[in-house]
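Once you know that position 345 of the sequence shown is 1259 in my numbering, the rest is easy, because the numbers rise by one and skip nothing.
Virtual Cβ for every residue (Gly too), placed ideally from N, Cα, C.
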Amino acid sequence: MAAAEQPAKRGSADLLPWSVTAEQLVAPPPPPAAAQPPLELSVVDRIAVPTAFLHQTFVFEQALDADRLGAALAEVLALLPTLSCCANKGQDGEWALAAPGAGALLTLGTSAAALQRLAPLPLPPLAPQADLGGELFGHLPPTLPASDPAAAAATPLLQVALFAALAAKPPLQALTLHVSAARLAALKEQAMAELAAAGSTADAAGDGQQGTCAGAWVSSNDALMAWLWKALAALPCRRGAVTPFNLALDMRSRMQLPTAHPTLPRWVYGNLATSAFCPELDAAALPLGQVALALRQTVVSDAGKFAGDVAYATQHAASGGSCSALAILPVLRILEAASAGQVPVLMASQWALDHARDVDFGGQLPLAAAASFGSALMFPVAVSQAAPPAAGGGIMLHLWLWPDEARELTAALMADTSWA
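Have a look at this one:
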C-alpha cells in the first residue's frame, strides 16, 4: 500500500511512494543453431557492472498494456540478447556475461499520488522527484561496495584513499530542475552575445585575442553547464573556491573504432566513453560565454586525446595486459586531479532521450521522466536529458549534490524570479 500523501510544496524534496503490481520474466528467444561469438562486456561495462545501476523512470497517465510491453521487450531481447544475461566474475577477476540469459524482468508499478503531484503542469523549476529505489528496484542485486574484498582487489591503489575520504562525507542529495526551452535558448543567446562582444572588443584593441572569441560557437548544453558551474561556484559554501569541471563524452559517435583500430577486441566497441576535464576556473567571476567557451574547447581537445587512449589500450592488450585500462582512464584523470586538491565541482553527463521515438507506447507519451542511480555516488553528478513534451519541452537537469550545496542552490533558485 502507498504511504499517506502530504501536499507537495514548490522546491520540496518529498519522495513519491510507489508499489509493485505485477512482475513478469520475459524469456529471450532460443539461440540460433549456428555457433555465435561469446557475449562480451565493453570496457566501460566491465568497470560499471559491480558499482553502478542506472534507473530511468517514466510516468504515464494511463496504465500501459502489460502484454504489449512484454511482446515489445521480447523483440528487444532478440536484438540485444545481452539484456537477458547475468554478469559473473570469472577466475581471471574479469566480469563476463553468462549466456544464454534467463530473461529480463518486466516490473509494473503504480502510485497513489495525485497526477498533479507526479507531473504538475506547468512543471515548476524545482521538479518533484519519483524515488522508486525502495520498491520497484528492490529486487535488483546490491552494488558491490568498495570495501568489499572482491571490489578492493580490482581497485587501483590511487583510488583507495579517495574512496575512503568520500565515504566519510554525507550522502549526496538529489535535486531536479526543469530548464524550459525558452530559458535554455536565452542562456545560449546570452553566451553567444558575450562571446561576440568579447571578440569585437579584442579586435578593436588589437591585442591578438580575437581568434579566441570572435566567431566562437557553443552548444546549448555548453551554455547550460556553464550556468550550472557558475551557480555552484557562487554558493556561499564554496567560499569562492576555484574548481575544475568534468563532462562525460560518448565516443561511439566520435570514432570509427573498428576501422581505425582493427586489432582491438570487439568488446571495446560497446559502451565507450571518456571525459573532458575542464581546468580550474573562477567560474563565478567570469561571463557565461567565457565559461561556456572553456567547456567547448575542453570537449574538442579531450575528445581528440581519446585516440591516443585507444592506441595505448591496444598496445597494452597486445602485450598481455587488460584493456580495462581504457575504461578507467577518465576516472584516473579525475582522481589524479583530486589528489592534487582539484576536486571537480561535479561530473556532468547527457542521457539521450527522444520521447516520440524512444518511449511512445501506443501513442501515449510520458508526462514525466526521471533519471536516478541505484548505487551511492562518490562525488556530485549532473545528468541532463530532454523534458517530456507535456512539460513544455526543455531540459530536465538531475543533480546529486552535497547537502549544503543542494540546500543553498535551492534557496538561490527560489529567490531568483527569472526561474519562477
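query: Distance CB(Ala-910)-CB(Phe-972) smaller than 8 Å; result: Nothing in the structure corresponds to residue 910, since the chain is present only between 915 and 1334.
query: Thr-1084 burial status per 10 Å Cβ neighbour count (16 or more: buried); result: Note on identity: in this sequence residue 1084 is Pro, with Thr being the wrong assignment. So Pro-1084 counts as exposed.
query: Residue span of the alpha helix (DSSP H) that contains Thr-1324, given as start and end; result: 1317–1329
query: Cutoff 7 Å; reference Val-1205; Cβ partners in own chain excluding five residues on either side; result: Ala-1140, Trp-1143, Lys-1144, Leu-1195 and Ala-1197
query: Option in Ala-1285, Pro-1039, Glu-1322 and Ala-1018 with minimal Cα separation from Leu-939; result: Ala-1018
query: C-alpha distance - Gly-1052 paired with Leu-1209, whole-angstrom precision; result: Summary for Gly-1052: the model assigns pLDDT 46, below 50, so the residue's position carries little reliability, and this model does not support an answer.
query: Option in Ala-1187, Leu-987 and Val-1259 with minimal Cα separation from Cys-1151; result: Val-1259
query: With 16 other Cβ atoms within 10 Å as the buried cut-off, status of Ala-1064; result: Note that Ala-1064 scores 41 on pLDDT, short of 50, meaning its location in the model is unreliable; the coordinates nonetheless yield the value given after this. Label assigned to Ala-1064: exposed.
query: Glu-989 in three-state terms, based on DSSP; result: helix
query: Span separating the alpha-carbon of Ala-986 from that of Lys-1219; result: 39 Å
query: Per-residue DSSP class, three states only, for Ala-1198; result: helix
query: Rounded distance between the beta-carbons of Ala-1162 and Ser-1189, thought under 8 Å; result: 5 Å
query: Test item: CB-CB of Leu-1281 and His-1269 under 8 Å; result: no
query: His-1312 vs Thr-1090 beta-carbon contact at 8 Å; result: yes
query: Proximity winner among Val-934, Gly-1306, Glu-1319 and Ala-1326, relative to Pro-1034 (alpha-carbon distances); result: Gly-1306
query: Cut-off 6 Å between Cβ atoms - residues of its own chain near Pro-1193, not counting five sequence neighbours on either side; result: Pro-1158
query: Chain B contact for Ala-1296 (CB, 8 Å cutoff); result: In the structure shown, chain B cannot be found, because there is only a single protein chain.
query: Close Cβ partners of Pro-1055 (< 6 Å) along its chain, the five nearest in sequence each way excluded; result: Reliability fails at Pro-1055, whose pLDDT of 40 lies under 50, so the model's placement of it is uncertain and the value that follows must be treated cautiously. Hits under 6 Å: none found.
query: Leu-1029 classed as buried or exposed, judged by whether at least 16 other C-beta atoms fall within 10 angstroms; result: exposed
query: Span of the beta strand (DSSP E), counted from its first residue to its last, around Ser-1094; result: Counting along the chain, Ser-1094 falls outside any beta strand (DSSP E), and DSSP gives it neither H nor E.
query: In chain order, each alpha helix (DSSP H) run of at least 4 residues that lies wholly inside the segment 1261–1322; result: 1269–1272
query: Residues near Ser-1263 in its chain [Cβ-Cβ closer than 6 Å; skip 5 each side]; result: Ala-1162 and Val-1297
query: Of the residues Ala-1304, Met-1292, Leu-997 and Ile-1309, the one placed nearest Leu-1086, counting alpha carbons only; result: Met-1292
query: Contacts around Ala-927, its chain only, beta-carbon distance under 6 Å, and the 5 residues preceding and following it disregarded; result: Bear in mind that the predicted position of Ala-927 carries a pLDDT of just 41, short of 50, making it too unreliable to give a figure here.
query: Bridge-paired residues (DSSP) for Glu-937; result: Thr-1021
query: Pro-943 versus Arg-982 - alpha carbon distance; result: 17 Å
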